[in-house]
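Colleague: Pasting in a structure now, in structure tokens, and then I'll have a few things to ask.
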Amino acid sequence: MYSRRSRFLTIMLILGLAFFYIPMIMLVIYSFNDSKLVPVWGGWSVRWYQVLFESEEVWSAVALSLKIAFINATCATILGTMAGLAMVRFGRFRGRTLFGGLLVAPLVMPEVITGLSLLVMFIALNQLFGWPGERGFTTITIAHITFSLAYVAVTIQARLTGMGETLEEAAADLGAKPFKVLTAITLPRLTPALVSGWLLAFTLSLDDLVIASFVTGPGANTLPILIFSRIRTGLRPDINALATIIILAVAICISIAAILMFRQQRADMLDQQMAAREDT
Amino acid sequence: MTDVKAQKPTIAAAPRKTVFQRFMRRVQNNFRLIIIAVPLVWLVLFFLAPFFIVAKISLAELAIASPPFTPMIEWLDGGVVTIRLVFDNFAYILNDSLYFDTYVNSLKISVTSTIICLLLGYPIAYAIVRSGPVAKPLLLFAIILPFWTSFLLRVYAWMGLLADQGTINNLLLRLGLIDEPIRMLYTEFAVYVGIVYTYMPFMILPLYANMEKLDGSLNEAAADLGSRPTNTFFRVTLPLTMPGIIAGSLLVFIPATGEYVIPDLLGGGNVQMIGRVLFNEFSSNSDWPVAAAVAIVLLFLLVIPIIIFQYFQGKASQDP
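Line by line, the protein sequences give chains A and B.
The first sequence begins at 452 in the numbering used here and counts up one residue at a time.
The second sequence begins at 14 in the numbering used here and counts up one residue at a time.
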């Protein structure tokens with residue numbers, strides 16, 4: 452901080468935060484509306500939550516989405532970490548430019564293009580090898596891993612660049628094999644990035660509508676597909692209730708993760724300060 | 014002779030390696046190769062190769078078959094191979110004013126939204142950078158949180174605000190500012206609001222990351238030398254934050270051009286954007302060759318911005 456915020460900046464900041472949060476606050480408030488018409492206020496009520504909890508369709512969509520998100524996050528974290536390591540720690544190798552390009556493109560590629568191209572790929576694979584068979588759980592998970600791993604790789608790359616290579620070099624100088632360096636030094640120090648990469652992949656998967664719509668098959672409805680099919684025709688009070696639960700769950704999980712990481716960072720900083728003091 | 018005899022028992026006594034140990038040894042020996050190859054093969058198989066299949070389908074014709082297009086290579090009787098490339102789909106798209114106008118409209122909406130995001134996001138990012146040590150992480154968290162909550166639900170939230178009987182119209186009616194509801198939902202205005210709202214964090218975060226690294230003493234030096242704040246901003250701060258501006262703008266512009274959900278839910282068929290046309294061509298009309306051609310043309314339009322983005326990402330990941 453090198454100077455104070457001007458009044459203009461403060462006003463923009465407040466307006467920006469209001470712009471971000473008012474729509475979501477309104478969504479939450481109207482989920483407690485008794486009226487069947489969302490915008491018409493009919494008094495406070497939790498009846499739409501009851502409707503929601505009784506809906507089997509919603510529950511099976513939630514279960515499918517969570518299952519996909521969990522497997523996706525785990526696989527994407529492994530693949531994304533490998534990719535991040537290769538890009539930051541391995542120097543030059545053949546195909547590095549192609550690799551780098553393939554890692555960045557999924558971040559910005561319009562979803563309709565990714566979705567369509569994955570679908571035709573699955574159909575081609577199925578014609579050639581009889582795999583992956585009926586589209587649904589497997590195809591959605593593979594599609595999600597493909598774009599999630601790019602996000603994880605970015606997170607890992609940033610952390611790897613930030614933490615420097617000195618400790619790894621020291622371990623290697625002392626005779627540790629590359630694999631040992633990875634498991635003993637690099638991975639433990641990457642933990643905050645691994646956690647945030649996993650969480651990011653998890654939420655990206657829970658959130659995806661367009662790509663899942665392309666690669667899904669009959670009967671495999673993820674939560675976003677279910678929500679979208681219901682809100683296409685207009686506002687629905689039970690969706691407001693569902694949205695409230697999702698927003699609160701995400702807010703709580705992310706807050707906990709943020710607090711844990713903040714503490715970790717502070718502990719790291721204290722460690723470094725102590726080490727610096729001992730040096731002098 | 015004695016040497017051999019002495020060695021033999023040691024070999025026999027050595028514990029035999031388990032499958033797992035042998036596997037781990039292999040992993041250790043090919044460590045580098047495995048780390049590079051596994052994600053690379055995945056991306057080539059599921060990200061790069063599919064584009065070629067889309068390109069292939071875009072050169073086929075619609076057919077009553079499963080999948081619904083003609084094969085590119087056919088083996089006729091007698092071992093004759095024919096290769097059919099049909100450029101009709103591209104001719105159809107480029108000559109049909111509906112498609113052409115939709116591409117132009119998509120670009121217009123995404124460019125305008127990007128500029129709005131930049132004009133609003135820049136001061137917000139700057140305000141966060143200049144906040145105190147306690148407020149800064151909290152503000153940053155407040156910007157990131159919406160990014161983690163469901164995109165679909167954030168768009169849905171605006172349906173509730175913008176509807177004819179929605180929150181905004183209700184409020185304005187009650188205040189007596191208007192006599193009848195203003196039509197906002199299912200207009201281009203709603204699409205702009207939706208894009209700016211959902212893509213704003215993508216603008217703010219790269220800008221913040223860039224501004225955070227700026228050296229404040231440069232601004233002080235400029236001020237000491239008698240530069241006015243506006244002058245300092247345009248001659249020092251703005252040029253230095255160019256990488257953040259470019260990264261943020263591309264992160265908004267490229268995906269927004271192909272956006273499907275926002276024009277569908279907030280534009281409601283009154284706003285034509287190419288992502289929506291592509292999706293409908295594929296799902297409602299089942300015309301895969303045309304959908305593939307639409308995708309290829311869209312990719313062609315976006316390939317230069319994507320390469321620029323990759324260049325800046327590559328640079329950002331190289332220098333610490």
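Glycine is no exception: its CB is placed at the ideal position from the N, C-alpha and C atoms.
Can you tell me which residues form a DSSP beta bridge with W495 (chain A)?
Modeller: Against the first sequence, residue 495 (chain A) aligns to sequence position 44. BP columns for W495 (chain A) point to A:N484.
Colleague: Going by DSSP, what residue range makes up the alpha helix (DSSP H) through F160 (chain B)?
Modeller: Locating residue 160 (chain B) in the second sequence gives position 147, where the first residue counts as 1. First-last of the alpha helix (DSSP H) with F160 (chain B): A148 to W161.
Colleague: My output table needs one value for Q625 (chain A): the three-state DSSP class, helix, strand or coil.
Modeller: Walking along the first sequence from the start, residue 625 (chain A) turns up at place 174. It should be pointed out that residue 625 (chain A) corresponds to Leu in this sequence rather than to Gln. Coil.
Colleague: Give me the DSSP bridge partner(s) of L75 (chain B).
Modeller: In the second sequence, counting from the first residue as 1, residue 75 (chain B) sits at position 62. According to DSSP, L75 (chain B) bridges with B:F82.
Colleague: T589 (chain A) lies in the alpha helix (DSSP H); which residues open and close that run?
Modeller: The count along the first sequence starts at 1 and reaches residue 589 (chain A) at position 138. T589 (chain A) -> alpha helix (DSSP H) spans F588 to M614.
Colleague: Listed in chain order, which residues of the region 257 to 286 of chain B have Cβ atoms closer than 8 Å to some Cβ of chain A?
Modeller: Going along the region 257 to 286 of chain B in chain order, one finds L263, L264, I267, P268, T270, G271, E272, Y273, V274, D277 and L278 with a Cβ nearer than 8 Å to chain A.
Colleague: Which of the three DSSP states, helix, strand or coil, is assigned to P669 (chain A)?
Modeller: Your numbering for residue 669 (chain A) matches position 218 in the first sequence. P669 (chain A) falls in the coil class under three-state DSSP.
Colleague: Within 8 Å (strictly less), CB to CB, does E620 (chain A) reach chain B?
Modeller: The residue you call residue 620 (chain A) lines up with position 169 of the first sequence. No, because no Cβ of chain B sits closer than 8 Å to the Cβ of E620 (chain A).
Colleague: I think P688 (chain A) touches V489 (chain A), with their Cβ atoms under 8 Å apart; what is that distance to the nearest whole Å?
Modeller: As a position in the first sequence, residue 688 (chain A) is number 237, starting the count at 1. As a position in the first sequence, residue 489 (chain A) is number 38, starting the count at 1. Indeed, because the Cβ distance is near 5 Å, the residues count as touching under 8 Å.
Colleague: If P318 (chain B) sits next to I267 (chain B), beta carbons under 8 Å apart, how far is it from one beta carbon to the other, in whole angstroms?
Modeller: Position 305 of the second sequence holds residue 318 (chain B). Position 254 of the second sequence holds residue 267 (chain B). Yes, P318 (chain B) and I267 (chain B) are in contact; Cβ-Cβ is about 5 Å, under 8 Å.
Colleague: Do you know whose CA, among B:P150, B:A170, B:F44 and B:V32, lies nearest K628 (chain A)'s CA?
Modeller: What you label residue 628 (chain A) is simply residue 177 of the first sequence in a count that begins at 1. Looking at the Cα atoms, B:F44 is the closest of the given residues.
Colleague: Chain A partners of F44 (chain B), CB-CB under 7 Å?
Modeller: In the second sequence, counting from the first residue as 1, residue 44 (chain B) sits at position 31. Within 7 Å Cβ-Cβ: P629 and F630.
Colleague: Using the Cα positions of P242 (chain B) and R248 (chain B), report the straight-line distance between them to the nearest angstrom.
Modeller: As a working note, residue 242 (chain B) is residue 229 in the second sequence. As a working note, residue 248 (chain B) is residue 235 in the second sequence. If you take the alpha carbons of P242 (chain B) and R248 (chain B), they lie about 10 Å apart.
Colleague: To which residues of the same chain is L657 (chain A) closer than 6 Å at the C-beta, ignoring the five residues directly before and after it?
Modeller: Taking the first sequence and counting its residues from 1, the one referred to as residue 657 (chain A) is at position 206. For L657 (chain A), where only same-chain residues beyond five positions count, the Cβ hits under 6 Å are S516 and A520.
Colleague: Using a beta-carbon distance cut-off of less than 9 Å, what residues from the region 167 to 183 of chain B approach chain A?
Modeller: R167, V168, Y169, A170, W171, M172, G173, L174, A176, D177, Q178, G179, T180, N182 and N183
Colleague: Less than 8 Å between the CB atoms is what I'm expecting for M224 (chain B) and A138 (chain B), so what's the real figure, rounded?
Modeller: Within the second sequence, the letter at position 211 stands for residue 224 (chain B). Within the second sequence, the letter at position 125 stands for residue 138 (chain B). Contact flag correct, Cβ pair sits at about 6 Å.
Colleague: By the 7 Å beta-carbon criterion, what residues does the region 564 to 586 of chain A contribute toward chain B?
Modeller: I564, L567, S568, L569, V571, M572, I574 and A575
Colleague: Does the region 496 to 514 of chain A come into contact with the region 673 to 681 of chain A, if we say contact requires no fewer than three beta-carbon pairs (one atom in each stretch) closer than 8 Å?
Modeller: yes
Colleague: Within 8 Å of any Cβ in chain B, is that where the Cβ of R458 (chain A) sits?
Modeller: Translated into the one-based positions of the first sequence, residue 458 (chain A) becomes position 7. Cβ-Cβ to chain B under 8 Å: no for R458 (chain A).
Colleague: Near V274 (chain B), which residues of its chain fall below 8 Å by C-beta distance, leaving aside the five closest residues on each side in sequence?
Modeller: Looking up residue 274 (chain B) in the second sequence gives position 261. For V274 (chain B), where only same-chain residues beyond five positions count, the Cβ hits under 8 Å are F164, L165 and V168.
Colleague: Can you tell me which of the three DSSP states W510 (chain A) falls into?
Modeller: Taking the first residue of the first sequence as 1, we reach residue 510 (chain A) at position 59. Reduced to three states, the DSSP call for W510 (chain A) is helix.
Colleague: In angstroms, rounded to a whole number, what distance separates the CA positions of S110 (chain B) and Y221 (chain B)?
Modeller: Your numbering for residue 110 (chain B) matches position 97 in the second sequence. Your numbering for residue 221 (chain B) matches position 208 in the second sequence. About 41 Å.
Colleague: What residues in the region 585 to 609 of chain A bring their beta carbon closer than 9 Å to a beta carbon of chain B?
Modeller: Listed in sequence order: I593, A594, I596, T597, F598, L600, A601, A604, V605, Q608 and A609.
Colleague: Do V605 (chain A) and L569 (chain A) come within 8 Å of each other at the CB atom, strictly closer than that value?
Modeller: For the purposes of this step, residue 569 (chain A) is taken as residue 118 along the first sequence, with counting starting at 1. For the purposes of this step, residue 605 (chain A) is taken as residue 154 along the first sequence, with counting starting at 1. No, the pair does not count as a contact, with Cβ atoms beyond the cut-off.
Colleague: Just tell me which of A:S599, A:G493, A:L693 and A:D659 has its CA closest to the CA of C526 (chain A).
Modeller: Counted from its first residue, the first sequence places residue 526 (chain A) at position 75. Nearest option by C-alpha distance: A:S599.
Colleague: Buried or exposed: where does A140 (chain B) fall if 16 or more other Cβ atoms within 10 Å of its Cβ makes it buried?
Modeller: Residue numbering aside, residue 140 (chain B) sits at position 127 when the second sequence is read from its first letter. Residue environment analysis places A140 (chain B) among the buried positions, since at least 16 neighbouring C-beta atoms fall within 10 angstroms of its C-beta.
Colleague: Does the beta-carbon distance from E619 (chain A) to I636 (chain A) come in below 8 Å?
Modeller: Locating residue 619 (chain A) in the first sequence gives position 168, counting from the first residue. Locating residue 636 (chain A) in the first sequence gives position 185, counting from the first residue. Against a cut-off of 8 Å, the Cβ pair of I636 (chain A) and E619 (chain A) comes out as a contact.
Colleague: Once the 5 residues before and after Y500 (chain A) are set aside, which same chain residues still bring their CB inside 6 Å of it?
Modeller: Along the first sequence, one-based indexing puts residue 500 (chain A) at 49. Cβ within range, chain order: A692.
Colleague: Let me see if you follow: with CB-CB separation under 8 Å, is L544 (chain A) close to chain B or not?
Modeller: Residue numbering aside, residue 544 (chain A) sits at position 93 when the first sequence is read from its first letter. Checking the sequence, you will find Phe at residue 544 (chain A) rather than Leu. Yes, F544 (chain A) lies at the interface with chain B (some Cβ there is under 8 Å from its Cβ).
Colleague: Quick one: Cα of V201 (chain B) to Cα of L291 (chain B), how far?
Modeller: For the purposes of this step, residue 201 (chain B) is taken as the residue at position 188 of the second sequence. For the purposes of this step, residue 291 (chain B) is taken as the residue at position 278 of the second sequence. Position check: residue 201 (chain B) holds Glu in this sequence, whereas Val was assumed. Their Cα atoms are separated by approximately 19 Å.
Colleague: If you follow the alpha helix (DSSP H) that D114 (chain B) is in, where does it begin and where does it stop?
Modeller: Counted from its first residue, the second sequence places residue 114 (chain B) at position 101. In the DSSP annotation of this structure, the continuous segment of the alpha helix (DSSP H) that includes D114 (chain B) starts and ends at S110 to V142.
Colleague: Touch check for the region 270 to 284 of chain B and the region 203 to 220 of chain B: three-plus C-beta pairs under 8 Å?
Modeller: yes
Colleague: Could you check how far apart the C-beta atoms of A644 (chain A) and R610 (chain A) are, in whole angstroms? I think they sit under 8 Å.
Modeller: Sequence index remark: in the first sequence, residue 644 (chain A) carries index 193 (1-based). Sequence index remark: in the first sequence, residue 610 (chain A) carries index 159 (1-based). Their Cβ separation, rounded to whole angstroms, is 4 Å, which keeps A644 (chain A) and R610 (chain A) in contact under 8 Å.
Colleague: By Cβ distance below 7 Å, which residues in the same chain neighbour K21 (chain B) in space, the five residues on each side in sequence not counted?
Modeller: Reading the second sequence from its first residue, position 8 is the one you call residue 21 (chain B). At K21 (chain B) the pLDDT is 49, less than 50, meaning the model places this residue with poor confidence; the figure from the coordinates comes in the next sentence. For K21 (chain B), where only same-chain residues beyond five positions count, there are no Cβ hits under 7 Å.
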